[in-house]
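Chains as they are written, first to last, in my numbering: chain A, 14 to 125; chain B, 24 to 134.
Every residue, glycine too, gets a C-beta built ideally from N, C-alpha and C.
On a predicted model such as this, the values are computed, not experimentally measured, just so you know.
Working notes, beginning with the structure itself.
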């Protein structure tokens, strides 16, 4: 069966520090991968999606970047965090462009 | 602009009661509509999926309906349980890696 992992579960970082969140998927090949951010009281906002290794699409201009160095690994990064980067970050995968998305457990990021 | 709106924002009901959550969408093109359940601090989990030609879909005590003409969907929960306390999110897919999420309805079931 397929599983999706995210780490860390929680993170507290100072403004201006770098960020690296990792997501890995097991039990499937060539998944579509997504990074979302969920602010309190708001819907999930798509940050990036990837349909293959090295292929990254960005939905909104921002302080963050994403990379997919391996088929089942998706990394969210920032060189310098802003206060506005705080939120709940979710990684997800799907088998197709309209199929069911399976979400990871999420990372709660607090930037102070 | 693609948009998914849900109502009510929050709802409190007693255990054993039924409730209905609403979702209105303006999304084009439309591929399918899903309802997700999200427990606090966790990732969402899919409950049902409906395509354009489907009017109703059930998953245990959860029944979703879709009216493609009026672009409305509802999620009916029967005989609520304490474990139903969560946020319920309506998501519409455009079919091209774009999923439009509603802000969710926060449901609390009281004993």
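Assuming residue i and residue j are in contact, meaning their beta carbons sit under 8 Å apart, how far apart are those beta carbons, in whole angstroms?
i                     : j                      : result
residue 99 of chain A : residue 122 of chain A : 6 Å
residue 90 of chain A : residue 32 of chain A  : 6 Å
Using the rule of at least 16 other Cβ atoms within 10 Å of the residue's Cβ for burial, across every protein chain shown, is residue i buried or exposed?
i                      : result
residue 51 of chain A  : buried
residue 55 of chain A  : exposed
residue 82 of chain B  : exposed
residue 119 of chain B : exposed
residue 123 of chain B : buried
residue 79 of chain A  : buried
residue 17 of chain A  : buried
For residue i, which option in the options has the closest C-alpha, if you only look at C-alpha atoms?
i                      : options                    : result
residue 100 of chain B : B:93, B:37, B:49 and B:114 : B:37
residue 117 of chain B : B:43, B:51, B:29 and B:27  : B:51
residue 22 of chain A  : A:124, A:30 and A:120      : A:120
Compare the C-beta of residue i against all C-beta atoms of chain B and say whether one is closer than 8 Å.
i                      : result
residue 118 of chain A : yes
residue 103 of chain A : yes
residue 75 of chain A  : no
residue 110 of chain A : yes
residue 68 of chain A  : no
Check the DSSP bridge columns for residue i and list the partner residues they point to.
i                      : result
residue 17 of chain A  : A:38
residue 131 of chain B : B:35
residue 121 of chain A : A:23 and A:101
residue 88 of chain B  : B:79 and B:97
residue 65 of chain A  : A:68
Comparing the C-beta of residue i with each C-beta of chain A, is any distance below 8 Å?
i                      : result
residue 122 of chain B : yes
residue 57 of chain B  : yes
Review point. Taking a cut of 9 Å between CB atoms, which residues from the region 28 to 59 of chain A lie near chain D?
Key: This model lacks chain D altogether; the protein chains it does include are A and B.
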